[in-house]
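In this note's numbering, the protein residues as written are 1401 to 2081.
Virtual Cβ for every residue (Gly too), placed ideally from N, Cα, C.
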């Protein structure tokens, strides 16, 4: 057996020293991919569903004369109507009313000037946002309760909440006030800007007016009149007259748009269709939404991957789905050809491929765990695009997390659906498909292999359709992507559906999360991802810092991704090449991490492994839960650190602590080969 050694020239050769390791590794290298391999070259030759140019404009502009009149568009029944409410399952109806009963008493949250100023004064955004979203969530619950059971029980509180929202200076949140000329602080009422939550509020108010117009008029005709005026002044007017909002993609400048575009456009579209009475302006608003959303689609990954990750998929690709869904509905079902485009299907199927187990989804970047999409959203997207895997995944998840649950769990799920960022649009859609989803075919989505070349993203598990055994994901995307971390070439490992070697994710958002000091936050740094630190130097932020994909392979016996990490590091690291291969070896039930590197000069090398469970150094490696991390102790020294968690978001995801295993070179090295093995302990 060959042992590792540190040579005089500073070369490090470290191979895990368990019996037969070298022989098995050589055999794997020689034979893993003989049975039906798919290599990176082969993948590049397949036809990816490249994002279409001007899909919405080309589909719906010719249908302008088919746009339904404002009083003819009836996506849902209104309060007091007898037909349509059968789409709400009786169990869900009861749960909605129980949630509305809870919301029908108590004082309304007050939004004070000092609350709004907290973001400017100390960077805290969560305090104001909790009050802001809480007000809207309560209003939505009451409005839906009154719509389902229009007996006047909730209407006065609906009127109170609606009037309070109309009285607010700004419908968005202080963290986004950088978009106004005066910058962050207090909102300037003379300069209405459109951010995510101003648009979301407009849609929520519009839905309440749509559902309860007659009932609100009975309280006071001023309520609906005021709601219409505020939506027009704050949202529809600025949207129609301005092209300089960066998220529109219509200012003539180069852009790389993110979730803001479809998220805002989906809500502006809803508000316009419900509120705008002038046919010409209404048509202009629809046409502009199509043009703007087409700009987003043009910036999307060619294979349908969401560079912002699964958590933001719900407001990126899934919000584009919302736009398509609303447009088809508003044109009386015409334009449904969008659902047959392969790119729309790819945009949805991505989220099914990212599912690991239970509530766990691949979470590179800014992801607050758990990151599971709303079940009814996945179901509706899959149903529209004829993607059985996605639709059945949504129906499967709905039994635990959605409208197909029972009893107290169902009530909790209804409350959550109507509380999510104060979004009545998504909550209403979930409730309205509840009778259907409770009868739909169910099956969990547990993809064995998926490859997204645009992000250098591999996911692989031991068995299709099972959480048993090992699962790994690795991503070699740019360190300048939207909501990205300095993590190009990092990986994660799960065992039996439970996290072992992890991406910690992101903490509670503050001002620092999105300012010049973002990468001083430890969760953003490569030293706290599963990556090497080279001569004390971490990866650097920026789109030019990106691991280079060398080879991706998959077969029945193994799946692997090989990348060069060197381009993700600054010149000060002195790394000429760092070739990393991560292999899920199904035949031997293990995960291998192989490193081969060449440095400009000898220096210390340190490998980080972030752990969900306490890491314990043992004679034959480091044990983390049910998994043993094996390495050659003659060339690497293991150090374990406990990282106490105080941030609420991180504690919610991982508990009181995570652990960091550091494998440090015993001396300075200029080149070397290292192999680590993860197997059942």
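{"Query": "Euclidean distance between Cα positions of residue 1445 and residue 1746", "Result": "Here residue 1445 scores only 33 on pLDDT, less than 50, and its place in the model should not be relied on; the value that follows carries that caveat. Each residue's alpha carbon lies about 17 Å from the other."}
{"Query": "Residue 1961 classed as buried or exposed, judged by whether at least 16 other C-beta atoms fall within 10 angstroms", "Result": "buried"}
{"Query": "Pair within 8 Å by beta-carbon distance, residue 1693 and residue 1685", "Result": "no"}
{"Query": "Simplified DSSP state of residue 1762, which is helix, strand or coil", "Result": "coil"}
{"Query": "Residue 1819 (DSSP reduced to helix, strand or coil)", "Result": "coil"}
{"Query": "Rounded Cβ spacing between residue 1690 and residue 1456 (contact assumed at less than 8 Å)", "Result": "4 Å"}
{"Query": "Exposure label - residue 1714; buried when at least 16 CB within 10 Å", "Result": "buried"}
{"Query": "As assigned by DSSP and simplified to three states, the class of residue 1645", "Result": "coil"}
{"Query": "For residue 1983, the nearest candidate out of 1859, 1517, 1774, 2021 (CA to CA)", "Result": "1859"}
{"Query": "DSSP bridge partner residues for residue 1475 (one or two, in chain order)", "Result": "Residue 1475 is not bridged to any residue."}
{"Query": "Pick from 1900, 1811, 1519 that is closest to residue 1493, judged by C-alpha positions", "Result": "1811"}
{"Query": "Three-way DSSP call (helix, strand, coil) for residue 1962 in this model", "Result": "strand"}
{"Query": "Residue 1940 versus residue 1964 - alpha carbon distance", "Result": "15 Å"}
{"Query": "Span separating the alpha-carbon of residue 1787 from that of residue 1780", "Result": "10 Å"}
{"Query": "Exposed unless 16 or more other CB atoms sit within 10 angstroms - verdict on residue 1654", "Result": "exposed"}
{"Query": "With 16 other Cβ atoms within 10 Å as the buried cut-off, status of residue 1420", "Result": "Residue placement at residue 1420 cannot be trusted, given a pLDDT of 38 that sits under 50; what the coordinates show is reported in the next sentence. With fewer than 16 other Cβ atoms within 10 Å, it is exposed."}
{"Query": "Runs of beta strand (DSSP E) wholly within the segment 1976–2042 (minimum 3 residues, chain order)", "Result": "1990–2003, 2005–2011, 2015–2018, 2021–2024, 2027–2030"}
{"Query": "Of the listed residues 1795, 1748, 1757, 1826, nearest to residue 1785 (C-alpha basis)", "Result": "1748"}
{"Query": "Runs of alpha helix (DSSP H) wholly within the segment 1742–1791 (minimum 4 residues, chain order)", "Result": "1742–1753, 1775–1784"}
{"Query": "According to DSSP, residues forming a beta bridge with residue 1849", "Result": "1860"}
{"Query": "Strand pairing of residue 1875, partner residues [DSSP]", "Result": "1857, 1890"}
{"Query": "Beta-bridge partners of residue 1953, as assigned by DSSP", "Result": "1960"}
{"Query": "Local conformation of residue 1870 per DSSP, three classes", "Result": "strand"}
{"Query": "Residue 2039, buried or exposed, once every other Cβ within 10 Å from all chains shown has been counted against 16", "Result": "exposed"}
{"Query": "DSSP state of residue 1901 mapped onto helix, strand, coil", "Result": "strand"}
{"Query": "Cβ distance (whole Å) where residue 1986 is taken to contact residue 1957 below 8 Å", "Result": "5 Å"}
{"Query": "Where the alpha helix (DSSP H) through residue 1932 begins and ends", "Result": "Element bounds for residue 1932: not the alpha helix (DSSP H) but the beta strand (DSSP E), 1932–1934."}
{"Query": "Same chain only: Cβ atoms within 6 Å of residue 1874, ignoring 5 sequence neighbours per side", "Result": "1858, 1891, 1961, 1982"}
{"Query": "Three-state class that DSSP yields for residue 1586 in the structure shown", "Result": "coil"}
{"Query": "N- and C-terminal bounds of the alpha helix (DSSP H) containing residue 1386", "Result": "The question about residue 1386 has no answer, for the chain in this structure spans 1401 to 2081."}
{"Query": "Start and end residues, beta strand (DSSP E) containing residue 2069", "Result": "2069–2080"}
{"Query": "contact_flag[the segment 1879–1896, the segment 1924–1938] where n(CB pairs < 8 Å) is 3 or more", "Result": "yes"}
{"Query": "Residues near residue 2044 by beta carbon distance below 6 Å, same chain, minus five either side", "Result": "2057"}
{"Query": "Integer-rounded CB distance, given that residue 2054 should sit under 8 Å from residue 2012", "Result": "6 Å"}
{"Query": "For residue 1910, three-class secondary structure by DSSP", "Result": "strand"}
{"Query": "Option in 1560, 1521, 1515, 1495 with minimal Cα separation from residue 1548", "Result": "1495"}
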